[in-house]
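Participant: Letter 94 of the sequence shown, counting from 1, is numbered 94 in this note's numbering, and no numbers are missing. Built from N, CA and C at the ideal position, the CB exists for glycine as well.
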Amino acid sequence: MAASLKPLDQQIIVLTGASSGIGLATAQDAARRGAKLVLVARSGDVLEAIVRGLAAAGHEAIHVVADVSDREQVEHVARQAVARFGRIDTWVNCAGSTIYGRLDEVSEADSRRLFDINFWGMVHGCLTALPHLRMTGGALINVGSEASELAIPLQGMYSASKHAVKGFTDALRIEIEHVDGAPVSITLIEPTAVDTPLPQHARNYLAHEPKLPAPQIDPHQVAEAILNAATTPMRDVKVGAMASLDVAMEKLVPGLVDVLSVFQVPRQQTDQRPANPEGSLYKPRSEGRIYGCGNGKGR
């Protein structure tokens, strides 16, 4: 049975990673289009401020503080969503982090923690959301990356985690949509570099402050792709021309891409000293920003 998805103004949307970046941009855009929201992140004070702002503009939203790496906390999110709104129509797994550093220098503890957030957090969201989405139909949307299909030097563990997100999402889609014929649309979103605070929130092993290479797309462009997938069933969506180009190059001339990727090393660092090497890997560090520090729109 093909999924029949509701218009946004009739939807209840659960959104993880909602306190900054792509998640916050998606929350704002979904609210403006009439969706009721359940916003999830570790930063309770930031979420409270976001919900107050949405309410002041006439939008309905609640927040639930949760660490997606903990399955019980994610299940608590679902219970709160159903208690408030009665159902879940779309679940977006957007929470994520990264580590800047060579693979032979990053600690195993940090690598495992990154997988707990980027991979297991997505798994927990999917397996928690599915029973609800099966009942009335709906969309399950996982935010991957172009790094789901190619490697990024100095962010090797991030690339590995996003490859894992793609592998899980693709297998889940086959089982749920095609084997079971359940009325659930399962979509993988794969953006190119996005102008968000991700580098400032990263665990950083480098001698310099990290950055994302140019060009970077606007987070609202990714939000638009997410919200389109919430209303129209899609398998996967590359966001940004560079995502499509980079993935195509990886498939056609992978050896050349390996060589060219060397040039990405200096393009991921500034000439400044690290501002906060610990980042938000273990502790929340969100200021409610959509854009990265280099963009005046985020200030």
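Compare the C-alpha of Val77 against each of Val106, Arg42, Ser111 and name the closest.
Facilitator: Among Val106, Arg42, Ser111, the Cα nearest to that of Val77 belongs to Arg42.
Participant: Cutting at 7 Å between CB atoms, please list the residues of its own chain near Asn295, excluding the five before and the five after it.
Facilitator: Here Asn295 scores only 47 on pLDDT, less than 50, and its place in the model is too uncertain to base an answer on.
Participant: Is it true that the CB of Pro191 sits closer than 8 Å to the CB of Ile217?
Facilitator: Ile217 places its beta carbon less than 8 Å from that of Pro191.
Participant: Can you name, in chain order, every residue of its own chain whose Cβ lies under 7 Å from the Cβ of Asp326, other than the five neighbours on each side?
Facilitator: The structure shown does not extend to residue 326, since the chain is modelled only from 1 through 299, so no value can be given for it.
Participant: Using a Cβ-Cβ cutoff of less than 7 Å, which residues in the same chain neighbour Lys297 once the five nearest sequence positions on both sides are dropped?
Facilitator: Any reading at Lys297 is ruled out, since the residue's pLDDT is 48, under 50, leaving its predicted position unreliable.
Participant: Where DSSP assigns a beta bridge to Val92, which residues make up the other side?
Facilitator: Leu15, Ile141
Participant: Skipping 5 residues on each side, what residues in its chain have a beta carbon closer than 8 Å to that of Ala49?
Facilitator: Gly288
Participant: By how many angstroms is the C-alpha of Val259 removed from the C-alpha of Val65?
Facilitator: 43 Å
Participant: Which same chain residues, not among the five before or five after Leu8, have their C-beta less than 7 Å away from its C-beta?
Facilitator: Ala30, Arg33, Gly34, Ala35, Leu227, Ala230, Thr231
Participant: Taking only runs of the alpha helix (DSSP H) that begin and end inside the region 146-234, which ones reach a length of at least 4 residues, in chain order?
Facilitator: 156-173, 198-201, 219-231
Participant: Tell me the DSSP bridge mates of Gly101?
Facilitator: Gln155
Participant: Are Ala55 and Leu39 touching if we call contact CB-CB under 8 Å?
Facilitator: no
Participant: What do you get for Val253, buried or exposed, if any count of 16 or more other CB atoms within 10 angstroms of its CB means buried?
Facilitator: exposed
Participant: What do you reckon, are the CB atoms on Gly137 and Ala95 nearer than 8 Å?
Facilitator: no
Participant: Report the rounded CA-to-CA distance for Ala147 versus Lys162, giving the unit in angstroms.
Facilitator: 6 Å
Participant: Report the three-state DSSP secondary structure of Asp116 (helix, strand or coil).
Facilitator: The answer is helix: DSSP assigns Asp116 an H, G or I state.
Participant: Would you list, in sequence order, the uninterrupted alpha helix (DSSP H) runs of no fewer than 4 residues that lie entirely inside the region 228-278?
Facilitator: 241-252, 254-260, 264-267
Participant: Can you check whether the CB of Val184 is closer than 8 Å to the CB of Arg235?
Facilitator: It is not a contact, given that the beta carbons lie outside the stated cut-off.
Participant: According to DSSP, is Ala49 part of a helix, a strand, or is it coil?
Facilitator: Looking at Ala49 - three-state DSSP - the assignment turns out to be helix.
Participant: For Ile22, report the span of its alpha helix (DSSP H) as first-last.
Facilitator: 21-32
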